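Sequence positions in the sequence shown follow the numbering used here and run 118 to 621. Virtual Cβ for every residue (Gly too), placed ideally from N, Cα, C. Please read all numbers here as calculations on a predicted model, not as lab measurements.
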Amino acid sequence: MSVVILDFGSQYTRLIARRLRELNAFSVVLPGDASLEEISRHEPQALLLSGSPASIFERTAPRPRPEVLDSGLPVLGICYGMHCLVEAHGGRLARGERREYGRALLSHSHGPLFKGLPEELEVWMSHADGVEELPPGWEKAASSCECSVAAAYALEGKAAGVQFHPEVTHTPQGTALLANFLDMADVRRDWTPENTLQMLLDEVRRKVGSDSVLLGLSGGVDSTTLAVLLAHAGVDHSAVFVDHGLLRRGERQEVESAVRPLGVNLNVVDAGSLFLDRLRGVQDPEEKRRAVGAAFIDVFEEQARRLGPFRFLAQGTLYPDVIESAGGTGAANIKSHHNVGGLPQHLGFELLEPLRFLFKDEVREMAKLLGLPAELRLRHPFPGPGLAVRVLGEVTARRLDILRRADAEFVAALREHGLYDQVWQALAVLTPARSVGVTGDGRSYGHVVALRAVTGVDGMTADWARLPHEFLDQVAGRITRRVPEVGRVVYDITSKPPGTIEWE
Ligand code: XMP
Numbered sequence: 118m119s120v121v122i123l124d125f126g127s128q129y130t131r132l133i134a135r136r137l138r139e140l141n142a143f144s145v146v147l148p149g150d151a152s153l154e155e156i157s158r159h160e161p162q163a164l165l166l167s168g169s170p171a172s173i174f175e176r177t178a179p180r181p182r183p184e185v186l187d188s189g190l191p192v193l194g195i196c197y198g199m200h201c202l203v204e205a206h207g208g209r210l211a212r213g214e215r216r217e218y219g220r221a222l223l224s225h226s227h228g229p230l231f232k233g234l235p236e237e238l239e240v241w242m243s244h245a246d247g248v249e250e251l252p253p254g255w256e257k258a259a260s261s262c263e264c265s266v267a268a269a270y271a272l273e274g275k276a277a278g279v280q281f282h283p284e285v286t287h288t289p290q291g292t293a294l295l296a297n298f299l300d301m302a303d304v305r306r307d308w309t310p311e312n313t314l315q316m317l318l319d320e321v322r323r324k325v326g327s328d329s330v331l332l333g334l335s336g337g338v339d340s341t342t343l344a345v346l347l348a349h350a351g352v353d354h355s356a357v358f359v360d361h362g363l364l365r366r367g368e369r370q371e372v373e374s375a376v377r378p379l380g381v382n383l384n385v386v387d388a389g390s391l392f393l394d395r396l397r398g399v400q401d402p403e404e405k406r407r408a409v410g411a412a413f414i415d416v417f418e419e420q421a422r423r424l425g426p427f428r429f430l431a432q433g434t435l436y437p438d439v440i441e442s443a444g445g446t447g448a449a450n451i452k453s454h455h456n457v458g459g460l461p462q463h464l465g466f467e468l469l470e471p472l473r474f475l476f477k478d479e480v481r482e483m484a485k486l487l488g489l490p491a492e493l494r495l496r497h498p499f500p501g502p503g504l505a506v507r508v509l510g511e512v513t514a515r516r517l518d519i520l521r522r523a524d525a526e527f528v529a530a531l532r533e534h535g536l537y538d539q540v541w542q543a544l545a546v547l548t549p550a551r552s553v554g555v556t557g558d559g560r561s562y563g564h565v566v567a568l569r570a571v572t573g574v575d576g577m578t579a580d581w582a583r584l585p586h587e588f589l590d591q592v593a594g595r596i597t598r599r600v601p602e603v604g605r606v607v608y609d610i611t612s613k614p615p616g617t618i619e620w621e
């Protein structure tokens, strides 16, 4: 049972999916021109048509298929989605000369979508075209000063459209409005964390049966949750944690002590010296990534042979990686950044991706239900190639050690000041620069460490975190005191774009 969201390319489509799930309604995003057969596979209870950067007046603009709109499913069109409904049912649209963008005040709002809401309502608009004449049998349900039809319904059946965006936070009552639509459509609202977990466990047990599963555990929240899920499902599994020697301080012990008691069959491989060997003399960032990736595959393959045979390879692929939508990148079965993603086909594994319908915060919910400690659940993302891309230039054991100690001081200080959870990611970088300083009576020539902390939601874009000056001051003192090899600490104030989060 689901709400199917047809995506016409709006930047907000994923947000609609999030909002519906917050309302405990399971939702999936499909391309705007999905066939009725494809939609039916998701057992839809209602349809939602997203907005679009296109105008309905463009001949090539994407449209839902006629049989989809004729299916009788309850439907809500948002912005461009509303234009599609109006056009399909015989109404008329007006080409917009200028965009109405930003806050607007609705007046005279009424009808089931606005149940329990005030007649005057603040909403967020972003459109140029608008409705000039409603289709026969439709009624206006709200207007704003710039827009005479801001919401409308079909008097028969369950179709409605809104010109504004209820899914964005700038429409303060937007979630209540979406909840009203779900009521109007009699959508089942049982997508609770407990039900979701049960569904995942059932799926894993059904798919795996008495076969066995191999899993690469990186220590990140996705693969760790997956490992515990397999253990909880009681299926035969082996989790392989490759300690490539490029981990942060205490990371390996943290993972081990969190997952072993939860029943994960964990195999830790000590491969630090192999990775250092392969990295010797490598300076170029892409070459480093390739060297780490290749070494990882060699180690993983060897473990697969040693522990196997396995039928399945489990991967922590999440929904944002698989959404195939007008605005998305298309179904990517394997996470592009994921090390295990590079495993050769000849190993012949079938993929098991139980988390493929979940968003990151839903995975964190599952992790909580499965008993993973908060430090692991709420951990910042960490790149597959680990500290290798944070030691600029050649990676040596000594330089890794300096970075690891500086990084640990920074992260510990963030935690102590309650700032860790306020940033998306925080890290230290060992630069190749050396700098002159004075310590005591002498002249020093120490390493330069850069600290980076960013805010953001998905790592695609990021802003540098405005950490308090007093805090930065304390951290600089702490690092130079406790890691004497470091002579200077700088703070990175570059956003992404144009910078990336990692330095390499
Ligand atoms: P950038 O540096 O591209 O990073 O702004 C965006 C996010 O991705 C992480 N990252 C990686 N993760 N393998 C990974 O698994 C990689 O090669 C890699 N490079 C960057 C980075 O930590 C940030 O969260």
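> Alpha carbon to alpha carbon, how far is Gln370 from Leu489?
Replying inline: Along the sequence shown, one-based indexing puts residue 370 at 253. Along the sequence shown, one-based indexing puts residue 489 at 372. Whole-angstrom Cα-Cα distance: 14 Å.
> Can you list, in chain order, the residues of its chain whose CB lies under 6 Å from that of Phe588, leaving out five sequence neighbours each side?
Replying inline: Position 471 of the sequence shown, counted from the first residue, corresponds to residue 588. Closer than 6 Å at the Cβ level, and outside the excluded window around Phe588, lie His534.
> Are the beta-carbon atoms belonging to Val169 and Gly126 less than 8 Å from one another?
Replying inline: As a first step, residue 169 must be located in the sequence shown, where it is residue number 52. As a first step, residue 126 must be located in the sequence shown, where it is residue number 9. This sequence places Ser at residue 169; Val is not what is there. Yes, the Cβ-Cβ distance between Ser169 and Gly126 is below 8 Å.
>> Could you tell me the alpha carbon to alpha carbon distance between Gln290 and Ala151, rounded to whole angstroms?
In response: In the sequence shown, the residue the question calls residue 290 occupies position 173. In the sequence shown, the residue the question calls residue 151 occupies position 34. Taking the straight line from one Cα to the other gives about 30 Å.
>> Is the separation between the beta-carbon of Asp246 and that of His200 shorter than 8 Å?
In response: By 1-based counting over the sequence shown, the position of residue 246 is 129. By 1-based counting over the sequence shown, the position of residue 200 is 83. Inclusion of Asp246 and His200 in the CB contact set at 8 Å is warranted, their separation being smaller than that value.
> Can you name the start and end residues of the alpha helix (DSSP H) that Asp438 belongs to?
Replying inline: Against the sequence shown, residue 438 aligns to sequence position 321. Start and end: 436 to 439.
>> Looking at Gly333: is its Cβ nearer than 8 Å to the Cβ of Phe417?
In response: In the sequence shown, the residue the question calls residue 333 occupies position 216. In the sequence shown, the residue the question calls residue 417 occupies position 300. In this structure, Phe417 lies closer than 8 Å to Gly333 by Cβ.
> Do Glu623 and Arg422 have their C-beta atoms within less than 8 Å of each other?
Replying inline: Absent from the structure is residue 623, since the part of the chain shown begins at 118 and ends at 621.
> From Ser260 to Leu164, what distance separates their C-alpha atoms?
Replying inline: Looking up residue 260 in the sequence shown gives position 143. Looking up residue 164 in the sequence shown gives position 47. Here the C-alpha atom of Ser260 lies approximately 23 Å from the C-alpha atom of Leu164.
> Should Ile618 be counted as a contact of ligand 1 given a C-beta to heavy atom distance under 7 Å?
Replying inline: Along the sequence shown, one-based indexing puts residue 618 at 501. Yes, the beta carbon of Ile618 sits closer than 7 Å to at least one heavy atom of ligand 1.
> Would you report the Cα separation of Lys275 and Ser224, rounded to the nearest angstrom?
Replying inline: Stepping through the sequence shown from its first residue, residue 275 is reached at position 158. Stepping through the sequence shown from its first residue, residue 224 is reached at position 107. Linking Lys275 to Ser224 through their CA atoms gives a straight-line distance of about 22 Å.
>> Using a 10 Å radius around the Cβ and a threshold of 16 neighbouring Cβ atoms, would you call Arg598 buried or exposed?
In response: Counting from one through the sequence shown, the residue named residue 598 turns up at place 481. Arg598 comes out exposed.
>> Considering just the uninterrupted stretch of the beta strand (DSSP E) at Gln162, what are its terminal residues?
In response: Within the sequence shown, numbered from 1, the residue matching residue 162 stands at position 45. It spans 161 to 166 - the beta strand (DSSP E) in which Gln162 sits, taken as one unbroken run.
>> So, under 8 Å CB-CB, Lys285 and Tyr129 are touching, yes? Tell me the CB distance rounded to an integer number of Å.
In response: By one-based count along the sequence shown, residue 285 stands at place 168. By one-based count along the sequence shown, residue 129 stands at place 12. Checking the sequence, you will find Val at residue 285 rather than Lys. Between Tyr129 and Val285 the Cβ distance is about 6 Å, and since that is below 8 Å, they are a contact.
>> Between which two residues does the beta strand (DSSP E) holding His244 run?
In response: Working through the sequence shown from its first residue, we reach residue 244 at position 127. His244 -> beta strand (DSSP E) spans 238 to 244.
> Using the rule of at least 16 other Cβ atoms within 10 Å of the residue's Cβ for burial, across every protein chain shown, is Ala221 buried or exposed?
Replying inline: Residue 221 sits at position 104 when you count from the first residue of the sequence shown. The residue in question, Ala221, is buried, as its Cβ has 16 or more Cβ neighbours within 10 Å.
> Thinking C-alpha only, which one of Arg595, Lys485, Val439 is nearest Pro148?
Replying inline: Here the question's residue 148 lines up with position 31 in the sequence shown. Comparing alpha carbon positions, the residue from Arg595, Lys485, Val439 closest to Pro148 is Val439.
> Taking 7 Å as the cut-off, is the CB of Arg569 close to at least one heavy atom of ligand 1?
Replying inline: As a position in the sequence shown, residue 569 is number 452, starting the count at 1. Outside the cutoff, so no.
>> Residues in the same chain with beta-carbon distance under 7 Å from Arg305, minus the five sequence neighbours each way, listed in chain order, please.
In response: As a position in the sequence shown, residue 305 is number 188, starting the count at 1. For Arg305, where only same-chain residues beyond five positions count, the Cβ hits under 7 Å are Met118, Gln162.
> If you draw a straight line from the alpha carbon of Arg551 to that of Arg406, how long is it in whole angstroms?
Replying inline: Within the sequence shown, the letter at position 434 stands for residue 551. Within the sequence shown, the letter at position 289 stands for residue 406. Their Cα atoms are separated by approximately 25 Å.
> Should Leu544 and Arg569 be called a contact, given that it needs their Cβ atoms to be closer than 8 Å?
Replying inline: For the purposes of this step, residue 544 is taken as the residue at position 427 of the sequence shown. For the purposes of this step, residue 569 is taken as the residue at position 452 of the sequence shown. The Cβ-Cβ distance between Leu544 and Arg569 falls below 8 Å.
>> Would you say the beta carbon of Arg521 is closer than 7 Å to some non-hydrogen atom of ligand 1?
In response: Counting from one through the sequence shown, the residue named residue 521 turns up at place 404. Arg521 Cβ: outside cutoff for every heavy atom of ligand 1.
> Secondary structure at Gln290, three-state DSSP: helix, strand or coil?
Replying inline: Taking the first residue of the sequence shown as position 1, residue 290 is located at position 173. Per DSSP, reduced to three states, the secondary structure at Gln290 is coil, with no helix or strand assignment.
>> Quick check on Asn384: does DSSP put it in helix, strand or coil?
In response: Position 267 of the sequence shown, counting from 1, holds the residue named residue 384. In this structure, DSSP gives Asn384 an extended state, which the three-state scheme calls strand.
> With DSSP run on the structure shown, which of helix, strand or coil describes Asp518?
Replying inline: Numbered from its first residue, the sequence shown carries residue 518 at position 401. In this structure, Asp518 counts as helix in the three-state DSSP scheme.
>> Cutting at 8 Å between CB atoms, please list the residues of its own chain near Ala593, excluding the five before and the five after it.
In response: On the sequence shown, residue 593 is found 476 positions in, with the first residue counted as 1. Answer for Ala593: Val606, listed in chain order.
> Hey, quick one: how far does the beta strand (DSSP E) through Glu660 stretch, first residue to last?
Replying inline: Residue 660 cannot be examined here, being either before or after the span of the chain that is shown, 118 to 621.
> Does DSSP put Arg598 in a helix, a strand or coil?
Replying inline: For the purposes of this step, residue 598 is identified with residue 481 of the sequence shown, where counting begins at 1. Looking at Arg598 - three-state DSSP - the assignment turns out to be helix.
> Which one of Leu435, Glu160, Glu154 has the shortest CA to CA distance from Val120?
Replying inline: Working through the sequence shown from its first residue, we reach residue 120 at position 3. Cα-wise, what sits closest to Val120 is Glu160.
> Buried or exposed: where does Gly208 fall if 16 or more other Cβ atoms within 10 Å of its Cβ makes it buried?
Replying inline: As a working note, residue 208 is residue 91 in the sequence shown. So Gly208 ends up on the buried side.
>> For Gln315, report the span of its alpha helix (DSSP H) as first-last.
In response: Reading the sequence shown from its first residue, position 198 is the one you call residue 315. Per DSSP, the continuous alpha helix (DSSP H) segment holding Gln315 begins and ends at 310 to 325.
> Given that a residue counts as buried once 16 or more other Cβ atoms are within 10 Å of its Cβ, and exposed if not, what is Tyr562?
Replying inline: As a first step, residue 562 must be located in the sequence shown, where it is residue number 445. Counting the other Cβ atoms within 10 Å of the Cβ of Tyr562 gives fewer than 16, which makes it exposed.
> Is it the case that the CB of Phe499 approaches a heavy atom of ligand 1 more closely than 7 Å?
Replying inline: In the sequence shown, the residue the question calls residue 499 occupies position 382. Within 7 Å of the C-beta of Phe499 there is at least one heavy atom belonging to ligand 1.
> Within 7 Å: the Cβ of Lys275 and any heavy atom of ligand 1?
Replying inline: The count along the sequence shown starts at 1 and reaches residue 275 at position 158. Not so, every heavy atom of ligand 1 lies at least 7 Å from the Cβ.
> What are the residues that DSSP puts in a beta bridge with Gln542?
Replying inline: Taking the first residue of the sequence shown as 1, we reach residue 542 at position 425. Partner(s): Val571.
> Can Arg369 be considered in contact with ligand 1, in the sense that its beta carbon sits closer than 7 Å to one or more heavy atoms?
Replying inline: Along the sequence shown, one-based indexing puts residue 369 at 252. It does not: the Cβ of Arg369 is nowhere closer than 7 Å to a heavy atom of ligand 1.
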